[in-house]
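Q: Line order of the protein sequences matches chains A and B. For the first sequence, this note's numbering assigns the number 313 to the initial residue and increments by one for each residue that follows. For the second sequence, this note's numbering assigns the number 505 to the initial residue and increments by one for each residue that follows. For each residue, glycine too, the CB sits at the ideal point set by N, CA and C.
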Amino acid sequence: MTTMEAPALTSHPRQSLAPGTLAIIVRVGLIIGIGLMMASVSPGFVSADNFLNILRQASLLFLVASGLTLVIIGGGLDLSIGANLTLCACLAAAAIKSIGQPAAGIAVALGCGAVVGLANGVLINRVKIPAFLATFGMLWVAQGIAYWFMAGQVIYGFSPAFRFFGSGFWFGVPVPIWVMLVTGACGLIFLSRTTFGREVYIMGANEAAAVLSGIPVARHRVFLYVMSGLMAGLSALIYVARLNAAEPGIGEPLLLPAIAAVLVGGTSLSGGSGGLFGTLLGAIILTLIVNALNLLNVSASWHPFVTGTIVLLAMLADAVVNRGMRK
Amino acid sequence: MTYHIADENKIGPGALLRRTPGVTFILVGMIVLFTVGNPRFLSGANLTNVGLQASLLLMLALPMTLIILTAGLDLSVGALLGLCGVVIAALLVAGWSLPASIGAAMAVGLMVGAVNGFLIAHLGLPAFVVTLGTMGLCEGLSLVITNGDPIGNFTPALETFYRSTIVSVPVPVLASIGLYGLLWLVLYRTRFGNYVFAIGGNKDALHLAGINANLVHMGVYLLCSATVALSALLLLGRTNSAHPSVAVGMEFEAIAAVVLGGTSFEKGQGWLFGTVLGVLAISVLRNGLNVLSVQPALQVVCVGLLLIAALLIDRNRKRPSRGMA
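(1) For B/V527, return the contacting residues in chain A, with the cut-off set at a CB-CB distance below 7 Å.
(2) In angstroms, rounded to a whole number, what distance separates the CA positions of B/V804 and B/L712?
(3) Identify, in the order they occur along the chain, each residue of the same chain with its Cβ nearer than 7 Å to the Cβ of B/G617, setting aside the five sequence neighbours on each side.
(4) DSSP three-state label for A/P616, please.
(5) Use the C-beta contact count for A/P560: other C-beta atoms within 10 angstroms, 16 or more gives buried, fewer gives exposed.
(6) Give the straight-line distance between the Cα atoms of A/L342 and B/G613, rounded to the nearest whole angstrom.
(7) With A/S479 as the anchor, note down where its alpha helix (DSSP H) starts and where it stops.
(8) Nearest chain A C-beta to B/P824 closer than 8 Å, yes or no?
(9) Verify the CB distance criterion: does A/I336 have a CB-CB separation below 8 Å to chain B?
(10) What residue from B/T539, B/L551 and B/M563 has the CA that sits closest to B/E755's CA?
(11) Comparing C-alpha positions only, which one of A/I597, A/F474 and A/R368 sits nearest to A/I622?
(12) Pull up the CB-CB distance for A/A443 and A/L389, whole angstroms please, since I reckon it's below 8 Å.
(13) Residues of chain B with CB closer than 8 Å to the CB of A/S613, please, in chain order.
(14) Nearest to A/Y459 by alpha carbon, out of A/N396, A/A521, A/L430 and A/T619?
(15) If the cut-off is 8 Å on Cβ atoms, which residues from the segment 438-449 of chain A count as contacting chain B, listed in chain order?
(16) What are the residues of the segment 739-762 of chain B that lie near chain A, defined by any Cβ-Cβ distance shorter than 7 Å?
(17) What number of angstroms, rounded off, separates the C-alpha of A/I411 from the C-alpha of A/Y468?
(18) Classify A/C400: buried if its beta carbon has 16 or more other beta carbons within 10 angstroms, exposed otherwise.
(19) Using 8 Å as the Cβ pair cut-off and three pairs as the minimum, do the segment 667-680 of chain B and the segment 596-610 of chain B touch?
(20) At the 8 Å Cβ level, is A/P528 part of the contact set with chain B, yes or no?
(21) Taking Cβ positions, are A/V574 and A/T591 nearer each other than 8 Å?
(22) Report the neighbours of B/F701 on chain A: residues whose CB is nearer than 8 Å to its CB, in chain order.
(23) Helix, strand or coil for A/I467, going by three-state DSSP, please let me know.
(24) Looking at A/L503: is its Cβ nearer than 8 Å to the Cβ of A/G433?
(25) What are the residues in the segment 587-612 of chain B lying within 7 Å of chain A by C-beta distance?
(26) Looking at A/I489 and A/S371, is the spacing between their C-beta atoms short of 8 Å?
(27) Hey, would you say A/V466 sits closer than 8 Å to A/A557, going by beta carbons?
(28) Is it right to say A/S585 is buried, meaning 16 or more other beta carbons lie within 10 angstroms of its own, or is it exposed?
(29) Ignore the nearest five residues each way along the sequence and tell me which others in A/L364's own chain have a CB closer than 7 Å to its CB.
(30) Any beta-carbon of chain B closer than 8 Å to the one on A/A665?
(31) Could you work out which residues of chain A lie near B/P630, taking near to mean beta carbons separated by less than 7 Å?
(32) Taking CB distances under 8 Å as the criterion, tell me whether A/G456 reaches chain B.
(33) Output needed for A/G620: all residues of its chain with C-beta closer than 8 Å, excluding positions within five of it in sequence on either side, in chain order.
(34) Report, in whole angstroms, the separation of the C-beta atoms of B/V675 and B/L585, which I expect to be a contact under 8 Å.
(35) Is the CB-CB distance between A/T398 and A/E564 below 8 Å?
(36) Please decide whether A/I601 counts as near chain B, where near means a Cβ-Cβ distance under 8 Å.
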């Protein structure tokens, strides 16, 4: 009877608070492996500029994926992050243009992100529909409002003070990398050093048990979705400052890479395991691959195809490893 | 008399009102509202229009019902529809015959369905991420094939096919009615249909009964992708050009239609005709909003709100409490 599959309800075999040491060594090894291969093939790869460039792109991806990581650890899913980012970017750009202060844009982006996250959380708690359905619906609502609001226009040209968030340097290191370090550190401390963080793992691993042990699951869930929305808003600011433009197509292509970064980072979709350090490694791996494709002159049309393949392979690896551990 | 799982889902006369999905009332309300607002809503020309709009969505939503009955999901249908359209158009431009191009699109569809089915049914991976991955693959491939530009001028035959009528009923409408009849037979009158309901309820029980549940599960995804490949003909006939992103978002409308129709994501409970009602509700809403010249972007927002409204109605009608979760 070895072919009998265990039902999906069985909890994840590893309930560790972070990806295991082996998983991290494998991922770091993968990064070094791709790096060595690229160094031998493309002379432009090994340079401080290119490394900073890869890290800056990875930091943008990490910021989008970090909120998603929290939600997934808590047993949920947020498909609306890309569309939320789009909406935040468009509204914030309009606010900066009409008021003339970067602070207005920051307030609008974070506020809009939090409101969409709040709507997700309340919708899932109240209507009791699967998280992917609620956030998938929210994806189209946010995307639709963004297209309607922009009415085919592009908002571009911002003050240097605002663009500093995306393309400035501080002590020789790009600002987005600093933002990533600060938010990443906060997230790591939250997940591994606070009671709340541990409760997030418990509710992701077994929601019924979490309810029975008195964890306010519904309230925690709303908090996680609001955090995810806030991270989308923060990323929107950095994207707009980096691109110096906002248009309704800005966030759509980010959803798949963000999910891929979380999965490649070893966070399981069944909830209750994983962590932000893994997502950082996942973001770096994905960025490295795109960077390699660019240096090897592969057309940008191939990028979604390659990302999709990586998502499927990462899940395949996850399934194989889990099956091996079950035996 | 053989027992059929679908019999449990049959609608008896007494239970009809209680079990009718909430969307029925919304649909009737919208039809009354739009007719009062503009009497031409009920004109033959406009109804034909609604039917044409509904037919393509129905072609996607009907097989999606089977997938959701197995507690699954297919997010790749919109991107696959675009890809199959691009494949047919590109091959026609390259000088292939129409049947050969359709065959190639069918092969692409079956391949995507096989990947989805294998990863979901055999490896037990979560359906929404698998199909999100294949959605990326399909979008990426359409981009690679077209370089981002639409393909036009392939053949007038498809547009003629789309515009033609039999006894003044448009052929696309007949095609979707035919698909409904076919799937009704498959779902309610075959052993395969029995197993589809059972997979959503308890797949392990099927395993224990010695039934190859993985094969049935995979068959549902193959059926869906194959139908999507054929639907590309309607898409090409309607738009008369193939563009990689033309069908993006249609997977959302298809899923919304199924959920509007009262099919549950969790327990293998559903109603194939409910999906028809869901599709009609979305098409009537879009047609009405078109008449009121509301932008397409806002129409999507309205579909999302319609979905939430229907779910709220159904929640209060059919699901008083679901434990503590």
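A: On the basis of the supplied data:
(1) When 7 Å is used as the limit between beta carbons, B/V527 is near no residue of chain A, the shortest such separation being about 15 Å.
(2) Between the alpha carbons of B/V804 and B/L712 lies a distance of about 44 Å.
(3) Answer for B/G617: Y725, L726, C728, S729 and A730, listed in chain order.
(4) Three-state DSSP puts A/P616 in a helix.
(5) The residue is buried, with at least 16 neighbouring Cβ atoms inside 10 Å.
(6) Their Cα atoms are separated by approximately 33 Å.
(7) Following the DSSP letters along the chain, one finds A/S479 inside the alpha helix (DSSP H) bounded by residues P472 to S479.
(8) Because B/P824 sits at a pLDDT of 31, beneath the cut-off of 50, its placement in the model cannot be relied upon, and the point is left open.
(9) A/I336 does not count as touching chain B.
(10) Among B/T539, B/L551 and B/M563, the Cα nearest to that of B/E755 belongs to B/M563.
(11) Nearest option by C-alpha distance: A/I597.
(12) With a Cβ gap of about 5 Å, A/A443 and A/L389 count as contacting.
(13) Those within 8 Å of A/S613 in chain B are G644, L647, V648, N651 and G652.
(14) Nearest C-alpha to A/Y459: A/N396.
(15) Cβ contacts with chain B come from V439, K440, I441, P442, F444, L445, F448 and G449.
(16) Of all residues in the segment 739-762 of chain B, the ones placed with a Cβ closer than 7 Å to any Cβ belonging to chain A are G753 and F756, in chain order.
(17) A/Y468 has its alpha-carbon roughly 15 Å from the corresponding atom of A/I411.
(18) So A/C400 counts as buried.
(19) By the Cβ rule, the segment 667-680 of chain B does not count as touching the segment 596-610 of chain B, because fewer than three pairs are nearer than 8 Å.
(20) So no, A/P528 is outside the interface.
(21) Against a cut-off of 8 Å, the Cβ pair of A/T591 and A/V574 comes out as a contact.
(22) B/F701 does not reach chain A, its nearest Cβ partner there being about 18 Å away, counting only Cβ pairs nearer than 8 Å.
(23) Strand.
(24) Not closer than 8 Å, so no.
(25) From the segment 587-612 of chain B, no residue has a Cβ closer than 7 Å to chain A.
(26) Yes.
(27) Yes, Cβ-Cβ distance for A/V466 and A/A557 is below 8 Å.
(28) With 16 or more other Cβ atoms within 10 Å, it is buried.
(29) Closer than 7 Å at the Cβ level, and outside the excluded window around A/L364, lie P486.
(30) With chain A covering 313 to 639 only, the question about residue 665 of chain A has no answer from this structure.
(31) Per Cβ cutoff of 7 Å: L581.
(32) Judged by the 8 Å Cβ criterion, A/G456 is in contact with chain B.
(33) Counting only Cβ-Cβ distances below 8 Å, and skipping sequence neighbours, we find L568.
(34) About 18 Å; that fails the 8 Å criterion.
(35) It is a contact, given that the beta carbons lie within the stated cut-off.
(36) Closer than 8 Å: no.
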